[in-house]
Amino acid sequence: MLTKAPKGTKDILPEQSVKWQYVEGKFRDICRRYGIRETRTPVFEHTELFRRGVGDTTDVVQKEMYTFEDHAGRSITLRPEGTAGVARSYIEHKVYAGVKPEKVYYIIPCFRYERPQAGRLREFHQLGTEFFGTESMMADAEVISLAMDFFRELGVNDLELRINSIGCPECRANYRKALQNFLRPNYEGLSDISKDRFERNPMRILDSKDPDDQKIAEGAPVMLDYLCDDCRKSFEELQTNLNALGIDYTIDPKIVRGLDYYTKTAFEIVTNTIGAQGTVCGGGRYDGLVENLGGPKTPGIGFGLGIERLLIVMEACGAYLPENPPVDIFVAFVGDDAKNFAQKLAHDVRIKGFSAVTDIAERNLKGQFKYADRVNARYTAVIGDDEIKSGELTVKNMITGDQKRIRTEELDEILKSAE
RNA sequence: GUGGGUGUCGUCAAGUGGUUAAGACCCAGGGUUGUGGCUCCUGUAUGCGUGAGUUCGAAUCUCUCCACCCACCCCA
2 MLTKAPKGTK
12 DILPEQSVKW
22 QYVEGKFRDI
32 CRRYGIRETR
42 TPVFEHTELF
52 RRGVGDTTDV
62 VQKEMYTFED
72 HAGRSITLRP
82 EGTAGVARSY
92 IEHKVYAGVK
102 PEKVYYIIPC
112 FRYERPQAGR
122 LREFHQLGTE
132 FFGTESMMAD
142 AEVISLAMDF
152 FRELGVNDLE
162 LRINSIGCPE
172 CRANYRKALQ
182 NFLRPNYEGL
192 SDISKDRFER
202 NPMRILDSKD
212 PDDQKIAEGA
222 PVMLDYLCDD
232 CRKSFEELQT
242 NLNALGIDYT
252 IDPKIVRGLD
262 YYTKTAFEIV
272 TNTIGAQGTV
282 CGGGRYDGLV
292 ENLGGPKTPG
302 IGFGLGIERL
312 LIVMEACGAY
322 LPENPPVDIF
332 VAFVGDDAKN
342 FAQKLAHDVR
352 IKGFSAVTDI
362 AERNLKGQFK
372 YADRVNARYT
382 AVIGDDEIKS
392 GELTVKNMIT
402 GDQKRIRTEE
412 LDEILKSAE
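In our numbering, the protein residues as written are 2 to 420.
Here it is in structure tokens:
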């Protein structure tokens, strides 16, 4: 128990963390190219923020939050997603008074109390972006474009972009009514879960896996047919923009999104290569969120992408992921005099900006070479009595096996040429 | 919250009631008191998730609990 990470959490050990850094670095670079800056918000927030922001009736808020009281009796919650905190920060610092739109990205851990399974954890990591202050569908297209660029540059193909519009609160209410009217005659035939959803969120009935539900839902009205003029125009614009960017997509009227704050654009990027949790990226527009949290009426659009799922997809499709990064030079030594000389040499090399590793476990030469091999050293320098006497180094190229004597000053050239 | 599966060395894994629990890899040391990735040798589980029971005897049978995995729900 004591030596076991809590259920649903995972240690990211060094051989994994190089992969994480690679993915994160790629994301940071893409965001830089899109002119997006990073924002960092607290891991925990007031519980009320999520109740209001994510929605009181959502599963996330109702049964998945890590909520506790702090010592002063405040109700605190570990963030279950990224958008609410970023929106809060946007309002708190009156960022809306500055240049619009505000474009930010984040790379953060999130927490949800769920039963873990493949691609689902209690602590998971999201990277994402949020744009505030523009209603233009160009923003939606840019956000989607960014996500697609990210996947493409990571070498992840066979992904499908699905888009939908869930309208604004007005047209959604109309649709809800129409859907309920359509389903009501067969209410008794619905599964228990769907009966439960009938009032709470009838749109969810549409993607039920229950065969009876599916039969009843056949021919049900589609949200897209109930969009108001403004929402319909927006959805058409989005498609025009995506077409202009050469981004393929399919329209999927079943995308509903489980968080209350979404309006208009909803999208998912899915894969079928990683089992049941196929949604790697989900996002959409949330024009009511900022106002709902007490800020000025401010539209917003963004997406969240699960890093754990992304890595699973990358491994499944054979995308490049770094492992065991090389060390420029390993400094081996024989004898006590050479010991200090070696440590000094390694230090000099490090100061010059190269990576150097030396034996700090008192191994014999053979063991040191073995270790040099393990740490993926490009070169190994050997220092012993002979070298100290002559002021030279023996340097071995670990890939070709070539070995020669050089003067210490020549080492720089060799290390540089290896890059 | 509901359902299914699995639990033997750091990892993979043999073993299905009978003395000391295979093997491989990894790791460490050595064959070579100055040379790795190959080779050879040596070492590493007082224990088979936990607790109890059946038995002369249990990793092997029964039950309890626990952990992990997978799926539903929902979502990243």
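Glycine residues also receive a C-beta, built at the ideal position from the N, C-alpha and C atoms.
These numbers come from a predicted model, not from an experiment.
query, result
"Need the endpoints of the alpha helix (DSSP H) that THR84 sits in, please.", "84–93"
"Determine the direct distance from the alpha carbon of CYS172 to that of PRO203, and round the result to whole angstroms.", "15 Å"
"What separation, rounded to the nearest whole angstrom, lies between the Cα atoms of PRO170 and LEU14?", "45 Å"
"For the alpha helix (DSSP H) holding GLU46, just list the boundary residues, first then last.", "Element bounds for GLU46: not the alpha helix (DSSP H) but the beta strand (DSSP E), 45–47."
"What residues match up with ALA357 in a beta bridge as DSSP calls it?", "ILE330"
"Spell out the partners DSSP gives THR251 in its beta bridges.", "ARG163"
"Pairs of beta-carbons, one from the region 134–153 and one from the region 246–257, closer than 8 Å: are there three or more?", "yes"
"Closest to ALA6 by C-alpha separation, out of PRO326, ARG123 and GLN181, would be which residue?", "ARG123"
"Put PRO110 into one of helix, strand or coil per three-state DSSP.", "strand"
"Measure the CB-CB distance between LEU184 and ILE270 and report whether it falls below 8 Å.", "no"
"Counting Cβ pairs, one atom from each stretch, are 3 or more of them under 8 Å apart for the region 275–287 and the region 71–79?", "no"
"For the putative contact between ALA333 and PHE370, defined by C-beta atoms under 8 Å, what is the C-beta separation to the nearest angstrom?", "7 Å"
"DSSP three-state label for ILE174, please.", "Residue identity differs from the one stated: residue 174 is Ala in this sequence, not Ile. If DSSP states are grouped into helix, strand and coil, ALA174 belongs with the helices."
"Would you grab the beta carbon distance between MET399 and ASP374 for me? Rounded to a whole angstrom, and I think it's under 8 Å.", "7 Å"
"In whole angstroms, what separates the C-alpha of GLN215 from that of LEU207?", "7 Å"
"Please report the distance separating the alpha-carbon of LEU394 from that of GLY402.", "16 Å"
"Tell me, please, which residues DSSP counts as bridged to LEU1.", "Because the chain spans 2 through 420 in this model, residue 1 falls outside it and cannot be assessed."
"Could you have a look at VAL281 and say whether DSSP puts it in helix, strand or coil?", "strand"
"Alpha carbon to alpha carbon, what distance is there between VAL281 and GLU189?", "35 Å"
"For HIS126, name the three-state secondary structure that DSSP assigns.", "strand"
"Would you kindly work out how many angstroms separate the C-alpha atoms of TYR262 and ARG201, rounded to a whole number?", "15 Å"
"Taking a contact to mean a Cβ-Cβ separation below 8 Å, would you say GLN278 touches ARG89 in this structure?", "no"
"Spatial neighbours of GLY156 within its chain, please: CB distance less than 6 Å, with the 5 preceding and 5 following residues excluded, ordered by chain position.", "ALA320 and TYR321"
"Does DSSP put TYR380 in a helix, a strand or coil?", "strand"
"GLU414 lies in the alpha helix (DSSP H); which residues open and close that run?", "412–418"
"State the Cα-Cα distance for the pair LEU346 and THR274, rounded to the nearest angstrom.", "49 Å"
"Run the CB neighbour count on ARG258, radius 10 Å, all protein chains shown included, and call it buried at 16 or more, exposed below.", "buried"
"Please name the residue or residues paired with THR78 in a DSSP beta bridge.", "GLU46 and THR68"
"Measure how close the beta-carbons of ALA357 and ILE330 come, nearest whole angstrom, since I'm counting them as under 8 Å.", "5 Å"
"Tell whether a beta-carbon distance below 8 Å holds between SER209 and MET138.", "no"
"Hey, would you say GLU103 sits closer than 8 Å to GLU65, going by beta carbons?", "no"
"Tell me whether LEU3 sits in a helix, a strand or coil according to DSSP, three-state version.", "coil"
"Using the Cβ count rule (16 or more neighbours within 10 Å means buried), how would you classify VAL100?", "exposed"
"As a quick exercise: from ASP386, ASN365, ALA339 and TYR67, pick the residue whose alpha carbon is nearest that of THR48.", "TYR67"
"Under three-state DSSP, which class holds LYS8?", "coil"
"Please state whether DSSP places VAL335 in a helix, a strand or coil.", "coil"
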